[in-house]
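Visitor: For the sequence shown, the working numbering gives the first residue as 509, with consecutive numbering after it.
Where a beta carbon is used, it is the ideal one built from N, C-alpha and C, also for glycine.
Since the structure is predicted, the reported quantities are computational estimates derived from the model, not experimental observations.
Take a look at this one; I'll ask things after.
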Amino acid sequence: MSTERFEWLEIPEEPTKRKQNHESGAETVMGKRCPECNWLDEETATTCFRCGHRYNIDHNMAGQIANLGVTLPPRVIETPQSLENFFRTHGRIRQPEPLPIYQLRLQAEILRLSRGFDQLICLDEIAVEHYEHQIDTALTALRDMRGRALLADEVGLGKTIEAGIITKELVLRGLVRSILVLTPASLTEQWREELENKFHESFTVMESPSDWRSVREHEDGRWITSIDRAKLKHQSDEILAREYDLLIIDEAHKLKNRSTLAWQFVNRIRKRYVLLLTATPIQNDLMELYSLITILAPGQLGTVRAFRRHFLEQA
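Right, here's the structure in full:
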């Protein structure tokens, strides 16, 4: 059994030092009470430690500066010039921009904000089942061909759908306001129904004299007519009297001969964008392709003589 034992030793406590008071010469710390919670803070505190109340620093600092014998200058607030002077330039009221200049600046801003053609924004706005090759065709026509394209898919692959997607995309981006569709006479109603039901774009099939007059009278419009009717004297005068944002031509292989009245009429139509649809861009001769490309991009293939020399005589 262990013989160890423990003893408790009492250690005397050190006497508590009395705080020096004001009479002993200690430095006095100035304080202030919070008006919200009555908490005592230092004089230099900006906010109450307890409740976060913000002290009136301006007043306190001004008092301290005044105690130092420094006189502050009076507060001077400069007010802006009057509205009349604000809008004056060299002594005259600034006039608003002329309307054409304003519209030009507005159009430039719209184009600046338009996203590039890396993706289509119209796909949620159309009621049609589209396929990957149709989306790729629309993107290529818009991005690489600047809206001037020959859509030459085989029959049944959806050239009309591709043209509708391109049209809707240009409309939603604000790049197209006036559209003219030229088709065979038997397809005018079919085109109107397709564009209205699948792409929610309303078109007028031009039949009556008032329909033809509307082409000249209305800046914005969507019209459908047959090439055979459009090339007639009275109708062609109305169509050629203006420019169109978008021209669509179905069964474009009927324009393969540059000497025909139909080709000469279509080639004279002023347009910004143009889509040619045909499953047979070439049937007998490469010159047929030359005729179509001339409508799309005049001068792209050079002169007739140069085209024959490079592509026909060497073949």
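Give a yes or no on whether the C-beta atoms belonging to Leu-783 and Lys-739 are separated by under 7 Å.
Guide: For Leu-783 and Lys-739, no; Cβs fall outside 7 Å.
Visitor: Going by beta carbon distance, what residues of the same chain come within less than 6 Å of Leu-628, once the five residues before and after it are set aside?
Guide: Cβ neighbours of Leu-628 beyond the five flanking positions: Glu-677.
Visitor: What is the DSSP secondary structure of Arg-700, counted as helix, strand or coil?
Guide: Arg-700: helix per DSSP, three-state reduction.
Visitor: Look at the Cβ atom of Lys-706, then the Cβ atom of Ala-787, and state whether they are nearer than 7 Å.
Guide: No; because the gap between Cβ atoms is not below 7 Å, this pair is not in contact.
Visitor: Does DSSP put Asp-549 in a helix, a strand or coil?
Guide: Strand at Asp-549.
Visitor: Within its chain, find whatever has a CB closer than 8 Å to the CB of Ala-553; leave out the 5 residues flanking it on each side and keep chain order.
Guide: Around Ala-553: Lys-540 and Tyr-563.
Visitor: Between Gln-791 and His-818, which are expected to be in contact by the criterion C-beta below 8 Å, what is the C-beta distance as a whole number of angstroms?
Guide: Contact doesn't hold; Cβ gap of about 21 Å is too wide.
Visitor: For Asn-546, is the beta carbon positioned less than 6 Å from some heavy atom of the ligand FAD?
Guide: Of the ligands one can find in the structure shown there are none, so the ligand FAD has no counterpart to examine.
Visitor: Per DSSP, what kind of secondary structure is Glu-821 in: helix, strand or coil?
Guide: Residue state, collapsed to three classes: coil.
Visitor: Within 8 Å, do at least three Cβ pairs link the segment 691-709 to the segment 651-663?
Guide: Contact fails: fewer than three Cβ-Cβ distances are below 8 Å.
Visitor: Can you tell me the Cα-Cα spacing of Glu-751 and Trp-731, whole angstroms?
Guide: Going from the Cα of Glu-751 to the Cα of Trp-731 covers about 13 Å.
Visitor: Less than 7 Å between the C-beta atoms of Leu-755 and Ile-777, yes or no?
Guide: Their beta carbons are under 7 Å apart, which means Leu-755 touches Ile-777 by this criterion.
Visitor: If you draw a straight line from the alpha carbon of Val-663 to that of Leu-785, how long is it in whole angstroms?
Guide: For Val-663 and Leu-785, the distance between alpha carbons rounds to 11 Å.
Visitor: Below 8 Å, how does it come out for the segment 644-652 and the segment 711-722: are there three or more Cβ pairs, yes or no?
Guide: Output reads no: the segment 711-722 does not touch the segment 644-652.
Visitor: Which two residues bound the contiguous beta strand (DSSP E) that contains Asp-753?
Guide: It spans 751-757 - the beta strand (DSSP E) in which Asp-753 sits, taken as one unbroken run.
Visitor: Name the DSSP beta bridge partners of Tyr-781, please?
Guide: The partner list for Tyr-781 (beta bridge, DSSP) reads Leu-754.
Visitor: Could you check if Ala-693 is buried or exposed, using at least 16 other CB atoms within 10 Å of its CB as the buried criterion?
Guide: Ala-693 should be labelled exposed.
Visitor: Could you check how far apart the C-beta atoms of Ile-803 and Val-774 are, in whole angstroms? I think they sit under 8 Å.
Guide: With 8 Å as the limit, Ile-803 and Val-774 qualify as a contact, their Cβ atoms being about 6 Å apart.
Visitor: So, under 8 Å CB-CB, Ile-735 and Leu-695 are touching, yes? Tell me the CB distance rounded to an integer number of Å.
Guide: With a Cβ gap of about 11 Å, Ile-735 and Leu-695 do not count as contacting.
Visitor: If you check the beta carbons only, do Gln-642 and Ile-674 fall under 7 Å apart?
Guide: No.
Visitor: Spatial neighbours of Arg-700 within its chain, please: C-beta separation below 6 Å, excluding the five flanking residues on both sides.
Guide: So the qualifying residues of the chain are Phe-711, Val-713 and Ile-732.
Visitor: With distances taken from CA atoms, which of Gly-577, Pro-608, Glu-605 and Asp-652 is nearest Gly-624?
Guide: For the residues Gly-577, Pro-608, Glu-605 and Asp-652, the minimum Cα distance to Gly-624 belongs to Asp-652.
Visitor: Counting C-beta neighbours from all protein chains within 10 Å, is the total for Val-723 16 or more, i.e. buried, or is it exposed?
Guide: Val-723 is buried by the Cβ-count criterion.
Visitor: Take the Cβ of Gln-615 as the centre, count every other Cβ of all protein chains shown within 10 Å, and call the residue buried at 16 or more, exposed below.
Guide: So Gln-615 ends up on the exposed side.
Visitor: Give the straight-line distance between the Cα atoms of Arg-558 and Glu-551, rounded to the nearest whole angstrom.
Guide: Arg-558 and Glu-551: Cα-Cα distance of roughly 15 Å.
Visitor: Are the beta-carbon atoms belonging to Arg-721 and Asp-753 less than 7 Å from one another?
Guide: No, Cβ-Cβ distance for Arg-721 and Asp-753 is not below 7 Å.
Visitor: Starting from Thr-645, follow the alpha helix (DSSP H) in both directions and report where the run begins and ends.
Guide: 640-651 is the extent of the alpha helix (DSSP H) around Thr-645.
Visitor: Please work out which residues of its chain come closer than 7 Å, Cβ to Cβ, to Cys-630, disregarding the five sequence neighbours upstream and downstream, and give them in chain order.
Guide: Taken in chain order, the residues that qualify are Ile-673, Lys-676, Glu-677 and Leu-680.
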